[in-house]
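The block underneath contains the structure these notes are about, expressed in structure tokens.
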Amino acid sequence: MEPLQQIISKISSSQSILVIGNGSNGDSLAAALALRSFLKKLEKDSVLLIPYSVTDRFHFLPEIAEVVSEIDLTKSFVIDVSTKKSQVAELSYKKESDKLSIFLKPQKGEFTPTDVTFRSSNFPYDLVVLIGIPSLDSLGEFYGKHAELFFDVPVVNIDFRGNNENYGQFNLVQLNSTSCSEIVLDLINKFEATLIDETIATQLLAGIIAETNSFQHVRTTPQTFMKASQLISLGAKQQEIISHLYKTKSLGFLKLWGRVLARLKQETELGLAYSTLMKTDIVKSEADEKDVELIIKEMASQLGFAKLFMFLSETEENTVNVYFHSSLALNFQSLFGAYQPQSIGPQSVKFTIRSSLVDAEKQVIDSLKSEINRLKPVL
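The numbering used here applies: residue -5 is where the sequence shown begins, and numbers increase by one.
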């Protein structure tokens, strides 16, 4: 059975499903929202978890308010008492400062230690679906706290990037797709296409547009346009998506962009253009997080002389967010794996370095030089 059909069968047989996406990547977020909307139509109990904060840029997406950032996965301690010999006539308990006593009175005879067993309850989900998550480790603190979940509960892994570690029991990693949203659309089309409504269509089209940079990315295929056309015919709000993603440059962003250009640097041998901002720059520009995250995309679209683009933003003392975009075939996990990079778009990642702005700049450039020198024969 092909992976797509296996996943359809698994979803059909599951009742409580946890969907996990990446809040800093529009495609992952939109695809996760669409799948969750579809699961609701199937009358499945479902929760959409985004362990990272959702970028302001995508707050317009339908049903974004239903996203949760944390869930309670605490297991209950279960005491099982066999009632083969006698039913329970009365149950009571006494709670003290350092213990809890439970009293069971049988209808006849008595209960013995051999009648009692202990166990932990199961997790509240019978399926976990991760979308646009390259590895379990990339979930960071959430995976560290809840690793057991991913071993006890079947995992579906949906992605289109080559750096995905195929960690699921069911892996739908399609390298010929241009976005997770396309893959989720394929899944829904094969499952029950008639359930796609305006909400699901808008969510999926937003993901495709975000990941392909409004169909301008070199990997955009004729199939991408056909799928976008299907979604528009089903009610996807294309103009609203474009307006939110590309026509909302604020005054704060323009001020910030001016500071970025004023501090623009080059590493000619690397084909790298990069810039840095201190925390005070962001405050003085009256810019917000949404403005900051748009900078790397603006650099990639406006600075045609470079192939690599980097933007370092100081958020507090000894903490720097690094935004990186490449038009070369670089392995971001090999380059920046130690920093747990998060995808924020096609060939773009974001990660955090705990150091000064100067040290962070040196660390990244040294890593780039090492990787570029290693790849020179194939680039």
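The beta-carbon is built from N, C-alpha and C at its ideal position, and this holds for glycine as well.
* Per DSSP, which one or two residues make a beta bridge with E135? -> Sequence index remark: in the sequence shown, residue 135 carries index 141 (1-based). Its beta-bridge partners do not exist; DSSP assigns none.
* beta strand (DSSP E) containing N151: first to last residue? -> Translated into the one-based positions of the sequence shown, residue 151 becomes position 157. It spans V149 to D153 - the beta strand (DSSP E) in which N151 sits, taken as one unbroken run.
* Asked: Run through DSSP, which three-state label would F54 get?
  -> Taking the first residue of the sequence shown as 1, we reach residue 54 at position 60. Correct three-state label for F54: coil.
* Asked: Measuring CA to CA, which of S115, S364 and E308 is closest to L351?
  -> One-based indexing of the sequence shown puts residue 351 at position 357. L351 has its Cα closest to that of E308, out of S115, S364 and E308.
* Asked: Between E64 and N325, what straight-line distance do the alpha-carbon atoms span, to the nearest angstrom?
  -> One-based indexing of the sequence shown puts residue 64 at position 70. One-based indexing of the sequence shown puts residue 325 at position 331. If you take the alpha carbons of E64 and N325, they lie about 30 Å apart.
* To do: Report yes if the C-beta distance between T218 and E263 is below 8 Å; otherwise report no.
  => Walking along the sequence shown from the start, residue 218 turns up at place 224. Walking along the sequence shown from the start, residue 263 turns up at place 269. Not a contact, by the Cβ cut-off of 8 Å.
* Cα-Cα separation between A314 and L225, rounded to whole angstroms -> On the sequence shown, position 320 is the one that residue 314 refers to. On the sequence shown, position 231 is the one that residue 225 refers to. Before going on, a small fix: residue 314 reads as Val here, not Ala. Straight-line Cα distance between these residues: approximately 39 Å.
* For the 8 Å Cβ check, are there 3 or more pairs between the region 78 to 91 and the region 2 to 19? -> At 8 Å Cβ cutoff, the stretches do not touch.
* Alpha-carbon to alpha-carbon, D191 and L255 -> Position 261 of the sequence shown holds residue 255. Position 197 of the sequence shown holds residue 191. Each residue's Cα considered, the two are about 43 Å apart.
* To do: Kindly list the residues whose CB is nearer than 7 Å to the CB of S10, restricted to its own chain and excluding five residues on each side of it in sequence; keep chain order.
  => Along the sequence shown, one-based indexing puts residue 10 at 16. The beta carbon of S10 lies closer than 7 Å to those of D39, P118, Y119 and D120 in the same chain, with the five residues before and after it left out.
* Determine the closest residue to S47 out of L67, T108, G103 and G134, with distance taken between C-alpha atoms. => Within the sequence shown, residue 47 is the residue found at index 53, counting from 1. The candidate whose alpha carbon is nearest that of S47 is G134.
* Would you mind stating whether S208 and K249 have Cβ atoms separated by less than 8 Å? => Along the sequence shown, one-based indexing puts residue 208 at 214. Along the sequence shown, one-based indexing puts residue 249 at 255. Not closer than 8 Å, so no.
* To do: Can you grab the Cα-Cα spacing for the pair Q260 / Y268, in whole Å?
  => Taking the first residue of the sequence shown as 1, we reach residue 260 at position 266. Taking the first residue of the sequence shown as 1, we reach residue 268 at position 274. Rounded to whole angstroms, the separation of the alpha carbons of Y268 and Q260 is 6 Å.
* Asked: How is R113 classed by DSSP in three states: helix, strand or coil?
  -> To locate residue 113, count along the sequence shown from 1; it is residue 119. Of the three classes helix, strand and coil, the one that applies to R113 here is strand, per DSSP.
* Burial state of E205 (16 or more Cβ within 10 Å) -> Sequence index remark: in the sequence shown, residue 205 carries index 211 (1-based). E205 is buried by the Cβ-count criterion.
* Environment of A230 [buried if 16+ CB atoms lie within 10 Å] -> Counting from 1 along the sequence shown, the entry for residue 230 is found at position 236. Per the 10 Å Cβ criterion, buried.
* To do: State yes or no: is the C-beta of D92 within less than 8 Å of the C-beta of E283?
  => Indexing the sequence shown from 1 puts residue 92 at position 98. Indexing the sequence shown from 1 puts residue 283 at position 289. In this structure, E283 does not lie closer than 8 Å to D92 by Cβ.
* To do: Compute the distance between the beta-carbons of P128 and Q327, then report whether it is under 8 Å.
  => In the sequence shown, residue 128 corresponds to position 134, counting from 1. In the sequence shown, residue 327 corresponds to position 333, counting from 1. Yes, Cβ-Cβ distance for P128 and Q327 is below 8 Å.
* Asked: With a Cβ-Cβ cutoff of 8 Å, do I178 and L198 count as a contact?
  -> Residue 178 sits at position 184 when you count from the first residue of the sequence shown. Residue 198 sits at position 204 when you count from the first residue of the sequence shown. Before going on, a small fix: residue 178 reads as Val here, not Ile. Yes; because the gap between Cβ atoms is below 8 Å, this pair is in contact.
* In three-state DSSP terms, what is N160? -> Position 166 of the sequence shown, counted from the start, is the residue given in the question as residue 160. N160: coil per DSSP, three-state reduction.
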